[in-house]
Each structure stands twice: as structure tokens, then as C-alpha cells.
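Trainee: Please read through the structure below; I'll follow up with questions.
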Amino acid sequence: MSKGLKKKSHWTSRVHEIVIVRNPEGQLGFELKGGAENGQFPYLGEVKPGKVAYEGGSKLVPEELLLEVNETPVAGLTIRDVLAVIKHCKDPIRLKCVKQGKAGMGPLSFQFSMLTHYSLNAILKALASCLCVWK
């Protein structure tokens, strides 16, 4: 590789896992924002200090995109559907998150990259499993 050529970091290399359990009150200690109903991916909102029970991995960071919940892709789901996925998960809950791109990256390129990483079939399967929950 030439000296002038820099190795570019793909966003998937920055995906990290957070393992949490419900606190004694039965809550997870954070809120979700965004969602398909707002034309956005779901992302972490306020993280309530002292209310998140961590089991392992890294810590929750506000504004990070939520990609998976216990290996179920949630990108492209509504907040209601993401909450349904979380509700039906047993502890511990494994969240895969990634920091949103820099201002120069642009959300459209990230969304396109996400859609090429997660197949439409995987997204539809996740939606179907959510719909089964509501029957």
C-alpha cells in the first residue's frame, strides 16, 4: 500500500455491545428516540444516572444509534416496535450501538451503508416477529 493511501475506517468497526439487565424497579434506565415514524433510526435518548444496571460491555451513550437488540436488527423499526422487541427479551439484554457519523459524513451515506449491511430480508424478518407479538 502506498504511503499516500490511508486505510479508511468502516463504520462497522465502531459498533460496540452493551449488556444490561433491568434494574430493581424493572426498568432499563434509558429512553429511545428517533424511529421509522420520524424518518430516523432508533437512537439512545437520555440515560438516567444510576438507573442502568450494566452486566458487561461498554456504557450507554446518548445519541448513539441502536442497531440490534439481542441479535434482532432494529434499524428501520418504529420506536413502538423496538420497545416491543425489548419488552419480550429476557435479561441480560445485549444492545449493539454505534456513534453517529461526523457532520461531514452525512446521514444518507450512513443510512445507505446500513441498508447494504443489513439485508432487507433481515429487516422484514424483524418486523414480522414484532407483528407476531401484537396478535
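Read left to right, the sequence shown gives residues 120 to 254 (our numbering). All C-beta atoms in this analysis are idealised placements derived from N, C-alpha and C, irrespective of residue type, glycine included.
(1) Roughly how many whole angstroms lie between the Cα atoms of ALA203 and VAL180?
(2) Between which two residues does the beta strand (DSSP E) containing LEU185 stretch?
(3) Is GLU136 helix, strand or coil when you go by DSSP?
(4) Shortest alpha-carbon distance to GLU150 belongs to which of SER128, GLU136 and LEU184?
(5) Distance, Cα to Cα, ILE255 vs VAL166?
(6) Does the beta-carbon of LYS178 have 16 or more other beta-carbons within 10 angstroms, so that it is buried, or is it exposed?
(7) Within this structure, are the beta carbons of ILE205 and VAL171 separated by less than 7 Å?
Mentor: Here's the rundown:
(1) Cα to Cα, ALA203 sits roughly 21 Å from VAL180.
(2) Counting along the chain, LEU185 sits inside the beta strand (DSSP E) bounded by residues 184-188.
(3) Three-state result, GLU136: strand.
(4) Comparing C-alpha distances from GLU150 to each of SER128, GLU136 and LEU184 shows the shortest one belongs to LEU184.
(5) The structure shown does not extend to residue 255, since the chain is modelled only from 120 through 254, so no value can be given for it.
(6) It is exposed - the Cβ of LYS178 has fewer than 16 other Cβ atoms within 10 Å.
(7) No, the Cβ-Cβ distance between ILE205 and VAL171 is not below 7 Å.
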